[in-house]
Structures are given as structure tokens and as C-alpha cells.
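Student: Residue 36 in the numbering used here is what sits at position 47 of the sequence shown, and the numbering runs on without skipping anything.
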Amino acid sequence: MILSCKSHKSVEQDEIIQTKPFSKVNYYKYTYRNNEPYIESNIKIDSFKPIIYTNVKPLDTNKAIPQKIYSLSKNSWKSSKEYFYNDLQGLSVVYLEKNNKILFRNFYRSYTGKDFYKSDINKPRNKEDLIKYFENKKAEFKILSVNKSEKADVINVDINGDFYKIIVDSTFCKSYLYYNKRDTINKFFLITDDAFWEGF
């Protein structure tokens, strides 16, 4: 459940890697109401009241809930698709905050659309393209591991001292930034969670 939303709008388009300092004023803020610890088999799991910042605007009917951008509902599928591709240009970004500290950044860009076949340095489709992107950004990087997930390249990489998991495919790019390495399993295998929008 979401408690509140502070309306802001990103003034610059986000990129695969974070190229500018995070600023709360550029994003919409959503706060979860519940902060109950998760208990299973008498084991108390650490929990906190999550706050997210995103470029996704709130619903017209409820300012505390973000617009649907991945909806499969017959009622909202068309409008969510139009909003995602027309207004957001096929890009979403989410920052997760705990105790006034940003812990995690989730970036997603879809390449589907009229420019699908157009080559773009900012839209890498495989590991080789991604390396060229890093070099173009003059980023200091060290690739830690490369794996395959179906047709996608999955790259764990240290960039400018920050820890990323990046997934690139011919149709999309996902980028997960962990601001603290302790939030990962270890430096080769990273925890990722795509369920940002569940329950919204």
C-alpha cells in the first residue's frame, strides 16, 4: 500500500549508468504505509519502510499510486503502453531509499518502436555494444562475469567503484545499481528484483 506521493518530474533523461548525482526533486516520491516485520518459522527478517523515487507519474484518480506501465489488464493495457512509450520514451527508473539513504537503482529501457533498427551508442544490445558504451562515457570499469539468460547477455561489472548488474538484449536493457556491496550476495552473483510495481 502506498501512503503518499510528492509530484516531481525528471528534467533530464536517465542513462544505463548513473552519470549525475541523484536528486530527489527530479522524481515522483511514493511511500509505503506498512512497515511490519516479516516473520516466518520464528525467524524475524529485517524490514523497513520503503520509499521509492521514480520518473513514473501518479494516477489521475489516486496521486498516491504510480501509473501502470507494465499492465496486462484489458482495461489499462493500451493507456499504460501509450504512456510508457510516448511520455516516458520507453524508459523507467526507480531509486529505493532507506533511512534517507539511496540503496538501489533500477533502470529499464525498451528498444521497441519506430527506431528499433537504428544504431545508437546509448542503446547497447550485447556485451560488445555495452563495452563501447562504457568507453564512450569514459567510465572506469571492470567486468566481473558474463553469463547468458536466453538471448540476453548478463554482465556483472564494477563501474567507477559502483556495483552493477546489466542485462542487454536486442529489445531492451536493464541495469541494477547496488550502492553498497553488502546488499549483494557476493561480487559475482547479485540479487535482483523486478517486482517494483507489484501491488501498485
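A virtual CB, placed ideally from N, CA and C, is assigned to each residue, including glycine.
1) Do you know offhand how far LEU166's Cα is from LYS103's?
2) Starting from ALA128, follow its DSSP beta bridges and name the residues at the other end.
3) Within its chain, find whatever has a CB closer than 6 Å to the CB of LEU80; leave out the 5 residues flanking it on each side and keep chain order.
4) Around the Cβ of ILE110, are there at least 16 other Cβ atoms within 10 angstroms (buried) or fewer (exposed)?
5) Excluding five sequence neighbours on each side, which residues of the same chain lie with their C-beta closer than 6 Å to the C-beta of LYS131?
6) By how many angstroms is the C-alpha of THR50 removed from the C-alpha of PRO10?
7) How many Å lie between LYS116 and VAL157 at the Cα?
8) Taking contact to mean 3 or more Cβ pairs, one atom from each stretch, closer than 8 Å, check whether the region 38 to 45 and the region 79 to 95 are in contact.
9) Nearest to LEU77 by CA position, among GLN56, ARG94 and ILE6, is which residue?
Tutor: Reading off the structure:
1) Within the sequence shown, numbered from 1, the residue matching residue 166 stands at position 177. Within the sequence shown, numbered from 1, the residue matching residue 103 stands at position 114. Here the alpha carbons of LYS103 and LEU166 stand approximately 29 Å from one another.
2) Taking the sequence shown and counting its residues from 1, one reaches residue 128 at position 139. Answer is none; ALA128 lacks a bridge partner.
3) Start at 1 with the first residue of the sequence shown, and residue 80 comes out as number 91. Correct list, in chain order: ARG98.
4) Translated into positions along the sequence shown, residue 110 becomes position 121. The residue in question, ILE110, is exposed, as its Cβ has fewer than 16 Cβ neighbours within 10 Å.
5) Working through the sequence shown from its first residue, we reach residue 131 at position 142. Answer for LYS131: ASP147, listed in chain order.
6) Numbered from 1 along the sequence shown, position 21 holds the residue referred to as residue 10. Numbered from 1 along the sequence shown, position 61 holds the residue referred to as residue 50. C-alpha separation (whole angstroms): 32 Å.
7) Walking along the sequence shown from the start, residue 116 turns up at place 127. Walking along the sequence shown from the start, residue 157 turns up at place 168. So the alpha carbons of these two residues sit roughly 7 Å apart.
8) Output reads yes: the region 79 to 95 touches the region 38 to 45.
9) Taking the sequence shown and counting its residues from 1, the one referred to as residue 77 is at position 88. Among GLN56, ARG94 and ILE6, the Cα nearest to that of LEU77 belongs to GLN56.
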